[in-house]
Structure formats: C-alpha cells, structure tokens
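Novice:
In mature numbering (1 follows the signal peptide of the UniProt record, and there is no 0), the protein residues as written are -25 to -1, 1 to 183.
Pasting the structure below:
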C-alpha cells in the first residue's frame, strides 16, 4: 500500500512538473513574441514619421529660393575682392560671403534630408518659373563685373541693397508660412543681419 501511494505521488509530481514546463514555455514564448512584435510596431513607423512632417511647402520654397539668391550675393561679394576701392566695401563684401556661404550649405542639407532637389549651380532668377525678388539680371551682373574702383563700390551697394530687400521679403514669408523651426530661425537671422547691412550701405552711399 505504501509502495503504491509512493508511486502515485511520484507520477503526479512528474505530471505536474511537465505541465508547468509546458505552461512556462508557452508564456515565455508568447511574451517574447508579443514584446518583440510590439517593439517593432511602435519603433519602426514612428522613426520616419518624426523625421518627416516637420517641414511644409513654404519651407521647401524658402530653401530652394534662398540658395540661388545667396549664391548670387556671394558672387557679387567675390567681385568686390578685386574690384572695390573702398576698404569699407571690401569688408562688407567679405562679411556677406562669410555669412551666406554656410547658409547655402545648411539649406542644401535640409533639402537633401527632405528628399528634395538642391538647385543647380547655374540656377538663375527664373527659379521655379518665378523671378525671385531682388535678384540681379544677367545684364546687371555683367555691368557690375565690368566696373571697378568707386563706380564699382556704388553699383555694388545699390544692387546689394535691392538684393537684401528681396531676401528679407522671402524670409518674412518663411516666418509667416513656414513650419520647420530651424528654417524660421534662419529667416529671422537673415532679416536682422541684412536689415543692418542695408542701413550700413545706405550710410556709405550718403542716402540716409
């Protein structure tokens, strides 16, 4: 009788252990699968969603417009290095180039990260089928390139004032219509710095 009870107890224990092992394996597998799947579902789609949707059409238009606009300002500033007579004009031109070169790189980086095309080097004032405010015509650029000395300084500042006014107009549009905060911040910097440069050039021209 004792032997029989012992045998029954042993069999029951083995069965209980086997059942527990099955339950644990099932739970463990289910938890692992659910946890892994849950992680995949939440992490993967959210990454591109957070990378996108930060910019809108106004931000793209701002970047695509400001790149060729800045490039022309840099081209004008480079002419001043050899053609300007005034030290003040040369200094101003160097500051314009120093400020706008990095902005071109930043704007290009944004467009690339957004999956947008960066304007080509030869993109002109007719960018996107619309004349950009303040851009010099090829004739004006040719006239500037052929001038030197005091005449160059006067032409350079008169043209750059017009050019800056156009950039400020574009920057104000970005501030009111854009969604991408870094672009709106850059627009604010452009408005502040170029407004100050316009005032400076007007004083040098003796018109303020």
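In this text, a Cβ means the ideal position worked out from N, Cα and C, and glycines have one as well. A quick note: this is a predicted structure, and the numbers were derived from the prediction, not measured.
What is the DSSP secondary structure of residue 52, reduced to helix, strand or coil?
Specialist: Three-state result, residue 52: helix.
Novice: Can you tell me whether residue 59 is helix, strand or coil according to DSSP?
Specialist: It is a strand residue.
Novice: Once DSSP output is grouped into helix, strand and coil, what is the label at residue 108?
Specialist: Of the three classes helix, strand and coil, the one that applies to residue 108 here is coil, per DSSP.
Novice: If you measure between the beta carbons of residue 132 and residue 179, is that distance less than 8 angstroms?
Specialist: Their beta carbons are under 8 angstroms apart, which means residue 132 touches residue 179 by this criterion.
Novice: Just curious, the alpha helix (DSSP H) that residue 177 is in, first and last residue?
Specialist: Start and end: 156 to 180.
Novice: Within 10 angstroms of the Cβ of residue 24, are there 16 or more other Cβ atoms? Answer buried if so, exposed if not.
Specialist: Only weak support exists for where residue 24 lies, its pLDDT of 32 falling under 50; the coordinates are left without a value.
Novice: Check the DSSP bridge columns for residue 84 and list the partner residues they point to.
Specialist: In DSSP, residue 84 forms no bridge with anything.
Novice: Could you tell me the boundaries of the alpha helix (DSSP H) in which residue 150 lies?
Specialist: Here the alpha helix (DSSP H) through residue 150 covers 124 to 152.
Novice: If you draw a straight line from the alpha carbon of residue 117 to that of residue 127, how long is it in whole angstroms?
Specialist: Roughly 12 angstroms separates the two Cα atoms.
Novice: Alpha carbon to alpha carbon, how far is residue 142 from residue 108? Give it in angstroms, no decimals.
Specialist: Their Cα atoms are separated by approximately 7 angstroms.
Novice: Can you give the Cα-Cα distance for residue 172 and residue 90, rounded to whole angstroms?
Specialist: Straight-line Cα distance between these residues: approximately 34 angstroms.
Novice: Applying the 10 Å Cβ sphere with the 16-neighbour rule, what's the burial state of residue 149?
Specialist: Result: buried.
Novice: Is it right to say residue 47 is buried, meaning 16 or more other beta carbons lie within 10 angstroms of its own, or is it exposed?
Specialist: It is buried - the Cβ of residue 47 has at least 16 other Cβ atoms within 10 Å.
Novice: Any idea if residue 125 is buried or exposed, counting beta-carbon neighbours within 10 angstroms, 16 or more meaning buried?
Specialist: Residue 125 is exposed by the Cβ-count criterion.
Novice: Give me the residue from 55, 39 and 95 with the minimum Cα distance to residue 130.
Specialist: Of the candidates 55, 39 and 95, the one whose C-alpha sits nearest the C-alpha of residue 130 is 55.
Novice: Could you compute how far the alpha carbon of residue 33 sits from the alpha carbon of residue 51?
Specialist: Looking at the two C-alpha atoms, the distance is approximately 27 angstroms.
Novice: Does DSSP put residue 35 in a helix, a strand or coil?
Specialist: Of the three classes helix, strand and coil, the one that applies to residue 35 here is helix, per DSSP.
Novice: Would the segment 147 to 166 and the segment 58 to 67 be scored as touching if the rule is three or more Cβ pairs under 8 angstroms?
Specialist: Contact fails: fewer than three Cβ-Cβ distances are below 8 angstroms.
Novice: Classify residue 93 as helix, strand or coil using the three-state DSSP reduction.
Specialist: Here residue 93 sits in coil by DSSP.
Novice: Could you have a look at residue 47 and say whether DSSP puts it in helix, strand or coil?
Specialist: Three-state DSSP puts residue 47 in a helix.
Novice: Assuming the contact rule is C-beta atoms closer than 8 angstroms, residue 85 and residue 146 should be a hit. Round their C-beta distance to whole Å, please.
Specialist: About 15 angstroms; that fails the 8 angstroms criterion.
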